[in-house]
Every structure is written in structure tokens, then in C-alpha cells.
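*Asks:*
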Amino acid sequence: MTNRPETFNEDFVREMVRADLARATFGGRIQTRFPPEPNGYLHIGHAKAITLDFELASEFGGICNLRFDDTNPDTEDTVFVEGIIEDLEWLGYTSAGEPLYASDYFEQLYEWAELLITRGLAYVDDQDAETISQQRGGYGQPGVESPFRNRTPEENLDLFRLMRAGECAEGSRVLRARIDMQHENMQLRDPVMYRIRHEHHHRTGDAWHIYPTYDWAHGQSDAIEGVTHSLCTLEFDSHRPLYDWYLSQLPLTMDAPRQTEFARLELTHTVTSKRRLATLVADGIVDGWDDPRMPTLRGLRRRGYPAEAIREFCTYIGVSRTNSRHQIELLESFVRQHLNANAPRKMAVTNPIKLVITNWPADTVEYVEVVNNPERESDGTRQVPFSGELFIEAEDFMAEPPPKYFRLTPGREVRLRSAYFVTCTGYEHDADGNVSTVFATYDPETRGGNAPDGRKVKSTMHWVSAAHAISGSAAFYDRLFSAEVPGAETGDVMDDVNSNSKTLLAGCKFEPSMLDVAPGEVVQFERLGYFAHDPRESMLFHRTVGLRDEWARVKDAKN
RNA sequence: UGGGGUGUGGUGUAAUUGGCAACACAGCAGAUUCUGGUUCUGUUAUUCAGGGUUCAAGUCCUUGCACCCCAACCA
Numbered sequence: 024m025t026n027r028p029e030t031f032n033e034d035f036v037r038e039m040v041r042a043d044l045a046r047a048t049f050g051g052r053i054q055t056r057f058p059p060e061p062n063g064y065l066h067i068g069h070a071k072a073i074t075l076d077f078e079l080a081s082e083f084g085g086i087c088n089l090r091f092d093d094t095n096p097d098t099e100d101t102v103f104v105e106g107i108i109e110d111l112e113w114l115g116y117t118s119a120g121e122p123l124y125a126s127d128y129f130e131q132l133y134e135w136a137e138l139l140i141t142r143g144l145a146y147v148d149d150q151d152a153e154t155i156s157q158q159r160g161g162y163g164q165p166g167v168e169s170p171f172r173n174r175t176p177e178e179n180l181d182l183f184r185l186m187r188a189g190e191c192a193e194g195s196r197v198l199r200a201r202i203d204m205q206h207e208n209m210q211l212r213d214p215v216m217y218r219i220r221h222e223h224h225h226r227t228g229d230a231w232h233i234y235p236t237y238d239w240a241h242g243q244s245d246a247i248e249g250v251t252h253s254l255c256t257l258e259f260d261s262h263r264p265l266y267d268w269y270l271s272q273l274p275l276t277m278d279a280p281r282q283t284e285f286a287r288l289e290l291t292h293t294v295t296s297k298r299r300l301a302t303l304v305a306d307g308i309v310d311g312w313d314d315p316r317m318p319t320l321r322g323l324r325r326r327g328y329p330a331e332a333i334r335e336f337c338t339y340i341g342v343s344r345t346n347s348r349h350q351i352e353l354l355e356s357f358v359r360q361h362l363n364a365n366a367p368r369k370m371a372v373t374n375p376i377k378l379v380i381t382n383w384p385a386d387t388v389e390y391v392e393v394v395n396n397p398e399r400e401s402d403g404t405r406q407v408p409f410s411g412e413l414f415i416e417a418e419d420f421m422a423e424p425p426p427k428y429f430r431l432t433p434g435r436e437v438r439l440r441s442a443y444f445v446t447c448t449g450y451e452h453d454a455d456g457n458v459s460t461v462f463a464t465y466d467p468e469t470r471g472g473n474a475p476d477g478r479k480v481k482s483t484m485h486w487v488s489a490a491h492a493i494s495g496s497a498a499f500y501d502r503l504f505s506a507e508v509p510g511a512e513t514g515d516v517m518d519d520v521n522s523n524s525k526t527l528l529a530g531c532k533f534e535p536s537m538l539d540v541a542p543g544e545v546v547q548f549e550r551l552g553y554f555a556h557d558p559r560e561s562m563l564f565h566r567t568v569g570l571r572d573e574w575a576r577v578k579d580a581k582n
């Protein structure tokens with residue numbers, strides 16, 4: 024953290040926890056949990072929740088568990104359980120104990136449900152979903168009580184046991200809490216506690232035919248685990264009275280947990296909705312959940328985003344109750360900051376043209392010493408082969424340069440990084456008019472990259488010796504969604520998908536030491552940006568993020 | 001239509017809880033530089049609107065306005 028202040032975010036959540044601790048609420052304890060549903064992979068939005076849940080607990084000497092909210096057998100799967108555990112660890116967090124599962128509490132939940140029935144606080148409703156929904160009423164309109172609302176506890180118990188035994192068809196009945204059909208908060212109009220599903224559950228198998236809803240499972244799971252502060256996103260705000268109501272009816276031995284809501288993380292040019300992300304994968308718009316353009320944790324990882332940068336970003340943006348959308352540039356600035364300090368520098372030519380040094384002694388190869396990371400002297404130097412035939416970036420030569428173009432042009436002298444000064448003497452182009460070869464002479468006195476007479480050059484360029492070059496490819500990425508807020512203008516998120524979000528350049532030329540770059544490692548291609556080595560395909564690199572590019576701005580300003 | 005939540009530069013987050021509106025990102029200008037990178041310096045720009053209380057209001061009161069969430073047997 025060089026250019027960022029040492030902030031101690033005293034947000035409203037921390038303020039609350041501090042006050043609770045001071046008053047010794049919850050016996051002076053703090054315990055949180057991160058409760059994903061295993062029906063998809065984690066994304067950048069989850070990273071905010073994870074950082075909050077885990078950091079908050081550790082800051083105040085408590086613990087945080089990973090708990091799978093696996094109450095819906097329809098969509099959940101063990102592949103997601105494993106994926107989530109893996110992504111969480113990559114981010115830098117592990118569950119305080121073994122990962123927990125709401126499904127482990129099904130029996131306790133069931134017993135408590137029977138208790139509510141016994142006390143006349145829950146009933147079995149034989150109506151279908153549509154009828155129940157209609158009877159719920161509307162905003163400003165009171166609901167209508169179900170004709171089954173006044174069944175006796177005995178009858179309810181019998182029916183509920185029948186439901187559990189698998190004697191009832193899916194959708195034929197539900198268990199509902201008996202609260203208040205007139206309540207101004209729709210959540211309290213006799214919410215559904217159990218639905219019938221004859222579905223295989225990823226953990227409990229076929230043991231159950233009824234499954235608890237989110238509201239009935241969540242707070243109770245928190246209570247069972249001893250959670251004190253249950254953090255969730257803003258849309259659950261109106262569920263809080265229900266969360267509290269359920270807990271208040273149960274014979275708990277500890278203080279009931281408390282739910283607190285905060286604003287979810289939204290980013291410009293991206294979507295964070297499992298459904299949308301699944302569509303991108305299903306429609307083949309991206310190559311999978313770990314496509315480097317995806318905002319999933321596995322996508323960002325493959326793209327080369329350091330976990331630490333993501334964590335710092337999440338900490339930095341803090342937590343509030345204001346719906347907002349952060350500019351993705353802020354996240355990228357954390358990524359750059361981290362990579363600038365840590366990524367080894369390499370020379371790679373992604374759009375090669377030949378540079379022939381006409382006065383270079385034939386068949387001679389020299390090795391020049393190149394700094395590995397100017398930001399960290401201790402990373403040392405490496406030897407890179409230099410010869411009379413090199414590759415340089417096509418963009419680094421122009422026969423007819425515009426103003427402020429500092430790179431190679433006829434008659435101009437520039438520096439080849441850590442090697443020699445060269446002066447352009449001519450060039451050749453192919454039938455289409457594209458420059459294919461540039462000719463230059465070098466000054467033997469400038470070896471190492473400095474002129475003994477002290478003369479200066481306007482630019483320094485990267486290069487790769489043709490005879491020693493390693494071939495590979497580089498994928499450049501643009502925003503997956505061209506609109507800042509996908510769907511805001513077009514009405515449909517998918518209409519803002521950027522069809523040119525990926526540019527794959529095969530035929531790149533890398534310096535020999537690139538062979539030492541480990542799978543998954545991120546390096547800086549000098550002057551081009553940071554690139555992550557694909558974990559599976561050798562010599563395929565994904566551009567994590569570009570360098571700040573002043574020339575691009577100058578160029579664009581004129582267009 | 002009822003209930004709940006939220007409004008601070010372009011973006012996001014702060015403000016000792018009534019006392020000079022700050023920090024970062026982005027932008028602009030310059031310096032340094034063997035990466036048009038990094039670093040450094042300077043700079044532009046903010047309290048949703050009206051009314052009220054007060055010596056003093058982003059903060060308190062009041063009236064509006066805008067946006068978000070809630071009528072799944074999803075979470």
C-alpha cells in the first residue's frame with residue numbers, strides 16, 4: 024500500500040459490533056458465517072461478503088464458518104461445494120471449522136417445526152402456489168386467510184408427518200407459519216416454511232421429502248451454530264422481522280443472532296448474478312466459468328488477478344447501506360499496484376516485425392543483462408540473447424510518424440532495452456503495404472543501453488532475438504459488457520455484451536526465459552501490461568490488465 | 001397502492017456525531033525515468049430540493065423529490 028492511506032474503516036457494522044462487545048451482548052462473543060448456496064461459483068460480489076464476514080470476526084477475536092445454505096435440492100450440486108471451498112481458499116480464507124451445511128440441521132428444524140405446530144403457530148395448507156400467492160394480497164391490500172388456517176394442531180401434525188413420510192405429491196401442500204395475513208410487511212403474511220420435493224439432495228440423498236425454505240432455515244442455522252452477527256445483503260432487509268419472529272418462538276439457550284444488511288458489490292461493465300453468469304456460459308459467449316473475462320473468482324484467478332489485490336479492494340471500498348456501483352478501474356488499480364510491485368518483467372513481442380541490424384557482425388550472439396524488476400532490486404537480473412536479427416512490435420515503427428510519436432522512424436535513434444542504441448536506416452513492406460522488415464545500424468559504444476557521450480533518445484523499446492524466440496500466444500481482453508451498467512439503456516443485459524471482448528494473438532515471440540514462467544504465474548510484458556500464464560496451456564498468456572498508456576491517450580485525443 | 005431502505009465531486013468512501021467538507025480512483029498540467037510503466041508535484045470538481053432551529057447544519061426538525069427492495073413452494 025504505497026499510495027493509499029492507512030484507513031481503519033469504522034463502518035456501521037464495526038461500530039455496531041464494538042457497541043455489542045462493550046455491552047457484552049452475546050456474552051461478549053462475535054461469530055459470523057459465509058453462507059453461499061452451492062448452485063454456482065463464487066464471484067467478485069461474494070468476495071466483498073467473504074472479506075467482511077471473515078475479517079470482521081478476526082478483527083474482534085471471533086470466528087467465521089463457511090456454511091452451505093443447501094435447502095433446495097433442485098439446483099444444488101457437490102461440484103459447486105467443492106468449487107466454492109477451492110475459491111474461498113484461493114482468496115485466502117478458510118472456514119473456522121469443517122465446512123457446515125444447513126442440511127445437517129434438517130432434523131432439528133423439523134422438530135422445531137412440530138413445536139410451532141403444537142403451539143398453533145404453523146399449519147399445513149393444501150392450496151397450490153398460485154392460490155397462496157393471490158391470497159397474500161398486494162402492496163396496500165390486506166391478504167386473505169387460507170381456509171386451512173384453523174386446522175387443529177393434531178390434524179396439522181398428522182398431515183405434516185405425512186408430508187415428511189413422502190405420502191404427499193409435490194406442490195400439494197406446504198407448511199406455513201401462522202403470523203398475520205394483514206401485516207403491512209408481506210414477509211409476515213404466513214410465509215411458507217416447508218415445501219414438498221421428491222428430489223435427490225446432494226447430501227441427504229432421499230431421506231427427506233420436505234425441504235425448509237430460506238427464511239425458516241437461515242436464522243435457525245445461525246442460532247444452532249452460535250452465530251452472533253448474521254450479515255447479508257440489502258434485499259433481505261424486509262425479511263429481518265421474520266428472521267426475528269422465528270427465533271423468538273424457539274427455546275434457544277443463547278442470545279438469538281442478529282441480522283444486519285449491507286449493500287452488495289456492483290461493478291461497472293460487469294454483472295454479478297448467478298443466473299446471468301450461467302447464461303454467458305450456456306450460450307457460449309464465454310468459454311466457461313473460469314473464462315478470464317468472467318467476474319467469477321476462478322475467472323479472475325485465471326486472468327491473473329492476485330487474491331491479495333481483490334481482498335485489499337474489498338477492504339478499501341468498505342461497507343455501507345447505499346446501493347452503488349464501483350468503477351472497475353478502481354479494482355484494476357489495486358491489481359496494477361500489486362503486480363507492479365511483484366511481477367517479474369519479461370520481453371515479449373505480440374505483433375512482430377523484423378528488425379535487421381545491418382552492421383552487426385554476422386553469426387554473433389551477445390547476452391545482455393536485464394533487470395528483472397526495477398521495483399525490487401533483490402529480484403536481480405537475467406541474461407537475454409541479442410543478435411543481428413530481432414523482432415520488434417509493429418506499433419513501434421512508423422514510416423510516417425504523427426507528431427509526438429517517439430518510437431522508431433526513418434533516421435531516428437532509439438534504445439533497445441538494456442542492449443544498444445539503434446538508428447533506423449530503412450524499411451521494406453509487403454504487397455499490402457504493411458511494413459515487414461526494418462533496417463537499422465547499432466552503435467557498439469552504447470552496449471548496455473547508455474551512450475558514453477551522454478546523448479539521449481526519446482524512447483526505449485522491447486525486442487526479442489529472432490533465432491532465440493519462443494513462440495506463443497497472448498489473449499487481450501476488453502470489457503465483457505460495453506455499457507457501464509449492462510442493460511440500463513438497452514433494457515436487456517445481454518444486448519450490451521461486447522462481441523469483441525477477446526483478441527487472441529498467435530505468433531507472439533517471447534524471450535527464452537519465458538520458458539521458466541510457471542503455470543498460473545503473472546509477469547509483466549514490458550510496455551504491454553501484465554500477463555498470466557494459462558494454468559493448462561503452455562505459452563498461452565492472458566492479459567490481466569494493461570499498463571497506463573499515455574501514448575494511447577495522446578493518439579486517441581487526436582481521433 | 002402499503003411497508004422498508006438510501007441520497008455527499010465524474011465514481012466510490014469519509015467527516016472528531018452541530019464546528020474550516022477530506023481520501024482514493026478517474027481527469028488535467030508539470031518534473032523524474034533505460035518501460036509513453038513506476039515515483040513525485042500541482043490542479044479541476046461535492047453535501048437531492050425547499051423551508052425551519054442555531055453564532056454555526058452534510059449532520060437536528062419539517063415538507064417534498066428521486067432511486068432501490070418486498071406480493072417464489074428461490075436464496
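Mapping of the first sequence onto the working numbering: position 547 corresponds to residue 570, and the numbering continues sequentially without gaps.
By construction, the Cβ of each residue, glycine as well, lies at the ideal position given by its N, Cα and C atoms.
Spell out the partners DSSP gives T283 in its beta bridges.
*Replies:* Note: T283 sits in a beta bridge opposite L254.
*Asks:* Can you give, in chain order, each stretch of the beta strand (DSSP E) that sits fully within the segment 276-335 and has at least 3 residues?
*Replies:* Runs found: 281-285.
*Asks:* My output table needs one value for T55: the three-state DSSP class, helix, strand or coil.
*Replies:* Here T55 sits in strand by DSSP.
*Asks:* Could you check the C-alpha separation between D539 and A555 for me, to the nearest Å?
*Replies:* Roughly 13 Å between the two C-alpha positions.
*Asks:* Excluding the five sequence neighbours on either side, which residues of its own chain have a C-beta within less than 6 Å of the C-beta of F31, listed in chain order?
*Replies:* At F31, the pLDDT of 47 sits below 50, so the modelled position is not reliable; the number obtained from the coordinates is stated separately. Same-chain partners within the cutoff: there are none.
*Asks:* Would you mind reading off the limits of the beta strand (DSSP E) that contains E436?
*Replies:* First-last of the beta strand (DSSP E) with E436: 436-439.
*Asks:* What does the alpha-carbon distance come out to for the pair T283 and F336?
*Replies:* T283 and F336: Cα-Cα distance of roughly 22 Å.
*Asks:* For L275 and A240, which I take to be in contact (beta-carbon distance under 8 Å), what is that distance rounded to the nearest angstrom?
*Replies:* Wrong, their Cβ atoms sit about 15 Å apart, outside the cutoff.
*Asks:* Go through its chain and collect everything with a Cβ distance to D110's Cβ below 7 Å, but skip five positions before and after it.
*Replies:* Excluding positions up to five away in sequence, the list reads Y64, L65, L320, R321.
*Asks:* As a quick exercise: from G449, T448, A371, pick the residue whose alpha carbon is nearest that of R440.
*Replies:* Taking only the C-alpha atoms, the option nearest R440 is A371.
*Asks:* Using 8 Å for Cβ pairs, my map puts I73 next to L290. What's the rounded Cβ distance?
*Replies:* With a Cβ gap of about 16 Å, I73 and L290 do not count as contacting.
*Asks:* By the 10 Å Cβ neighbour count, where 16 or more other Cβ atoms means buried, how is D579 classified, buried or exposed?
*Replies:* By the neighbour-count rule (16 or more Cβ atoms within 10 Å), D579 is not buried but exposed.
*Asks:* Buried or exposed: which applies to G166, given that a residue is buried once 16 or more other Cβ atoms fall within 10 Å of its Cβ?
*Replies:* Per the 10 Å Cβ criterion, buried.
*Asks:* Closer than 6 Å by C-beta to A263: which residues in its own chain qualify, once you throw out the five before and the five after it? Chain order, please.
*Replies:* Rather than Ala, the amino acid found at residue 263 in this sequence is Arg. Contacts found: Q282.
*Asks:* Taking just the CA atoms, how far does P214 sit from E207?
*Replies:* The alpha-carbon atoms of E207 and P214 are separated by roughly 13 Å.
*Asks:* For D181, which of S459, G194, V508, E137 has the nearest alpha-carbon?
*Replies:* With distances taken between Cα atoms, D181 lies closest to E137.
*Asks:* Have a look at H292 and S271 and give me their C-alpha separation to the nearest angstrom.
*Replies:* Each residue's Cα considered, the two are about 43 Å apart.
*Asks:* Sort S81, T48, D100, R46 by Cα distance to P59 and report the nearest one.
*Replies:* When each option's Cα is compared against that of P59, the closest is D100.
*Asks:* So is P315 buried or exposed if we call it buried at 16+ other beta carbons inside 10 Å?
*Replies:* P315 should be labelled buried.
*Asks:* Pull up the distance between the alpha-carbon of G378 and that of R368, whole angstroms please.
*Replies:* Per the sequence shown, residue 378 should be read as Leu rather than Gly. Whole-angstrom Cα-Cα distance: 22 Å.
*Asks:* Between the segment 298-306 and the segment 30-44, do at least 3 Cβ pairs fall closer than 8 Å?
*Replies:* With a cut-off of 8 Å, the segment 30-44 and the segment 298-306 do not count as touching, because too few Cβ pairs lie within range.
*Asks:* Contact between the segment 159-175 and the segment 130-150 is defined here as three or more beta-carbon pairs at a separation below 8 Å; is this criterion met?
*Replies:* Yes, the segment 159-175 touches the segment 130-150.
*Asks:* Rounded to whole angstroms, what's the CA-CA distance from A417 to A463? Just pull it up for me.
*Replies:* So the two alpha carbons sit approximately 15 Å from each other.
*Asks:* Out of curiosity, what's the CA-to-CA distance linking M24 and L198?
*Replies:* For M24, the pLDDT reaches just 30, beneath the cut-off of 50, and the residue's location in the model is therefore unreliable, although a value from the coordinates is still provided. Approximately 53 Å between the Cα atoms of the pair.
*Asks:* According to DSSP, is P509 part of a helix, a strand, or is it coil?
*Replies:* Coil, per DSSP.
*Asks:* Are V391 and E436 closer than 8 Å when you measure CB to CB?
*Replies:* Cβ distance not < 8 Å, so V391 and E436 don't count as in contact.
*Asks:* Where E507 and S261 are concerned, what is the direct C-alpha to C-alpha distance, given to the nearest angstrom?
*Replies:* Rounded to whole angstroms, E507 to S261 spans 29 Å at the Cα level.
*Asks:* Rounded to whole angstroms, what is the Cα-Cα separation between D557 and H565?
*Replies:* For D557 and H565, the distance between alpha carbons rounds to 7 Å.
*Asks:* Check this for me: beta carbons of V250 and Q54, under 8 Å apart or not?
*Replies:* Cβ atoms of V250 and Q54: closer than 8 Å.
*Asks:* Would you report the Cα separation of A385 and E412, rounded to the nearest angstrom?
*Replies:* Near 10 Å, if we compare the C-alpha coordinates of E412 and A385.
*Asks:* What first and last residue would you give for the beta strand (DSSP E) that runs through R187?
*Replies:* Per DSSP, R187 belongs to no beta strand (DSSP E); it is in the alpha helix (DSSP H), 176-187.
*Asks:* Given this structure, state the Cα-to-Cα distance separating L196 from D93, to the nearest angstrom.
*Replies:* Note that residue 196 is Arg in the sequence shown, not Leu. So the two alpha carbons sit approximately 21 Å from each other.
*Asks:* Roughly how many whole angstroms lie between the Cα atoms of A192 and I233?
*Replies:* If you take the alpha carbons of A192 and I233, they lie about 11 Å apart.
*Asks:* Please report how far the alpha carbon of G327 lies from the alpha carbon of V102, in whole angstroms.
*Replies:* Between G327 and V102, the C-alpha separation is close to 23 Å.
*Asks:* Excluding the five sequence neighbours on either side, which residues of its own chain have a C-beta within less than 6 Å of the C-beta of Q210, listed in chain order?
*Replies:* Hits under 6 Å: S261, H262, L265.
*Asks:* Can you tell which of Q205, A70, D127 has its C-alpha closest to the C-alpha of T338?
*Replies:* T338 has its Cα closest to that of A70, out of Q205, A70, D127.
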